[in-house]
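For the sequence shown, UniProt numbering begins at 1 and goes up steadily by one. In this text, a Cβ means the ideal position worked out from N, Cα and C, and glycines have one as well. Reviewing the structure listed below.
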Amino acid sequence: MNVSIDYLLDDGETLDEMVMREPYNLSEYGKGLKSSKKNRVIRDKFPNAEIYSLLAYQKLTKGEKIVDNALGFFTDAPFGMPEFLNYLKNNDKRFYLVEKDGKQFFVTVTDEFIETRQLANRIDSKKFEIGNWKFKKTGKI
């Protein structure tokens, strides 16, 4: 049906309904770390734009917070285990905020796809939230 979940569940979020998902080949972007290759991918896709790299944290659900506290209090496991597991689960994703021609785009680059969404509302703050994710601008690339 080619309709994103974000579009169906839109309740005042900053994402717009336009989502473009394009496959690409990561090995075509030279040698080096995956993060460096993904930076090249985004620069290639948006050559004349301001591109900001984003640090992403997935917000914990209530159940994950309870498990985190229980593990920390009743075992030798350190606090923050669910956050660490979410980090490992989403380690292949890189997030970017792109500004081009007065428009802003939220871009996710995985090992196989570039997913681009035009933002409905402008984001000017250094920290922001979209869905169950928290983001922080880490600088221009």
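Are the beta-carbon atoms belonging to residue i and residue j less than 8 Å from one another?
| i | j | result |
| --- | --- | --- |
| Glu115 | Ala49 | no |
| Trp133 | Lys59 | yes |
| Lys137 | Leu54 | yes |
| Glu22 | Phe113 | yes |
| Lys89 | Thr108 | no |
| Lys37 | Tyr24 | no |
| Leu26 | Asp101 | no |
Tell me which residue opens and which closes the alpha helix (DSSP H) that residue i is part of.
| i | result |
| --- | --- |
| Ser36 | Lys34 to Lys45 |
Go to residue i, then tell me how far its beta strand (DSSP E) extends in each direction, as first and last residue.
| i | result |
| --- | --- |
| Gly131 | Looking at the DSSP string, Gly131 is not in any beta strand (DSSP E), and its letter there is neither H nor E. |
| Thr110 | It is not in any beta strand (DSSP E) - Thr110 carries neither H nor E in the DSSP assignment. |
Residue i and residue j look like a contact to me (Cβ under 8 Å); what is the Cβ gap, rounded to whole Å?
| i | j | result |
| --- | --- | --- |
| Met18 | Arg122 | 15 Å between Cβ atoms; not a contact. |
| Ala120 | Phe95 | In fact, because the Cβ distance is near 17 Å, the residues do not count as touching under 8 Å. |
| Ile51 | Ile141 | 5 Å |
May I ask you to list the residues that DSSP assigns as paired with residue i?
| i | result |
| --- | --- |
| Ala56 | Phe135 |
| Thr61 | The partner list for Thr61 (beta bridge, DSSP) is empty, contrary to what the question assumes. |
| Met20 | Thr116 |
| Ile51 | Val98 |
If you reduce the DSSP assignment to three classes, tell me which class residue i lands in.
| i | result |
| --- | --- |
| Lys140 | strand |
| Lys31 | coil |
| Ile123 | coil |
| Lys93 | coil |
| Asn2 | Note that Asn2 has pLDDT 48, beneath the 50 cutoff, so the model's placement of it is unreliable and the number below is only indicative. Coil, per DSSP. |
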